[in-house]
Amino acid sequence: MLAQASPWYVHALQRSAAGPAEPLNVPARMEWTTRRDSGPGSEILHLGPHRRRVLELGCGPGHNVAHLATRHTAQVTGVDLVGLQVRRARSHYGRLRNLDFVAGHALHYLQATDEHFDAIYSVFGAVGLVAPQVLLPAIAQHLKPGRILAFSVPHPQRGSRPPCADDRPRRDFVTLPDRTRLPIARWDFDTSRWETHLDRAGLWLTSAQEFHDVRHGRWPTTLLITARKL
Numbered sequence: 008m009l010a011q012a013s014p015w016y017v018h019a020l021q022r023s024a025a026g027p028a029e030p031l032n033v034p035a036r037m038e039w040t041t042r043r044d045s046g047p048g049s050e051i052l053h054l055g056p057h058r059r060r061v062l063e064l065g066c067g068p069g070h071n072v073a074h075l076a077t078r079h080t081a082q083v084t085g086v087d088l089v090g091l092q093v094r095r096a097r098s099h100y101g102r103l104r105n106l107d108f109v110a111g112h113a114l115h116y117l118q119a120t121d122e123h124f125d126a127i128y129s130v131f132g133a134v135g136l137v138a139p140q141v142l143l144p145a146i147a148q149h150l151k152p153g154r155i156l157a158f159s160v161p162h163p164q165r166g167s168r169p170p171c172a173d174d175r176p177r178r179d180f181v182t183l184p185d186r187t188r189l190p191i192a193r194w195d196f197d198t199s200r201w202e203t204h205l206d207r208a209g210l211w212l213t214s215a216q217e218f219h220d221v222r223h224g225r226w227p228t229t230l231l232i233t234a235r236k237l
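For the sequence shown, my numbering assigns the number 8 to the initial residue and increments by one for each residue that follows.
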């Protein structure tokens, strides 16, 4: 039965079974890559000194949401597909101010809300797992002019594999806490193809950075992209 469930639900279920969700200290920095304390932090969102409205698509246990809400006094909403993850995030950080966690599909949330955000981001979250032809325009619609979209995705050349040759997703796998793997569909684009889709959505590519994790060999493991609403 579990094999037929969403891989993300199974992942959250195994995390929940590993131990109780307890209040956690707020992380000192924002993480974008597969290796802690590597790469940039929240500065790439250009939030500035004033309170900003921020949205994370695929917030997981809520670590980045808590960091932004506390360290930057931003008003942050974290959306995650799996209700178990949202419950864990609330257990970790629900006591804090300036944040909210919502269970739901990223695209459906964007289609339903009338809010506009100063920054929208995804850290191995919805971007790359939802068709970019529909997700990126929905993001652009709710991003204030001149503001930032940032997202990190698994590098398309990780493990020496080639990036997607067209706009179709390809078969990938999510590794569960027990080390088993379940299949998923992922849009594994290189920078130029991401730039094409961003441009079509009215978003201007401002940077693309590659990061390595020595635990996974010599190939880059993370691609971090930032774009600005035109």
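Beta carbons are placed, not taken as given, at the ideal position from N, Cα and C, and that holds for glycine. Small disclaimer: the values here were computed from a predicted structure and weren't measured.
When secondary structure is reduced to three states using DSSP, E50 falls in the helix class. The segment 23 to 32 and the segment 75 to 90 do not touch, with fewer than three beta-carbon pairs separated by less than 8 angstroms.
The distance from the Cβ of W39 to that of S159 is about 4 angstroms, consistent with a contact at the 8 angstroms cut-off. Taking W194 as the centre and dropping the five residues before and after it, the same chain places the C-beta of G135, P139 and P176 closer than 6 angstroms to its C-beta, in chain order. Of the candidates I155, Q164 and A172, I155 places its Cα closest to the Cα of R60. Listed in chain order, the beta strand (DSSP E) elements of length 3 or more contained wholly in the segment 127 to 214 are 150 to 161, 177 to 182 and 188 to 193. Just measuring C-alpha positions, the residue of F196, P68, R95 and L52 sitting nearest H79 is L52.
Three or more pairs of CB atoms, one per stretch, sit closer than 8 angstroms, so the segment 65 to 83 contacts the segment 94 to 105. Under the DSSP assignment, V86 falls in the beta strand (DSSP E) whose first and last residues are Q82 to D87.
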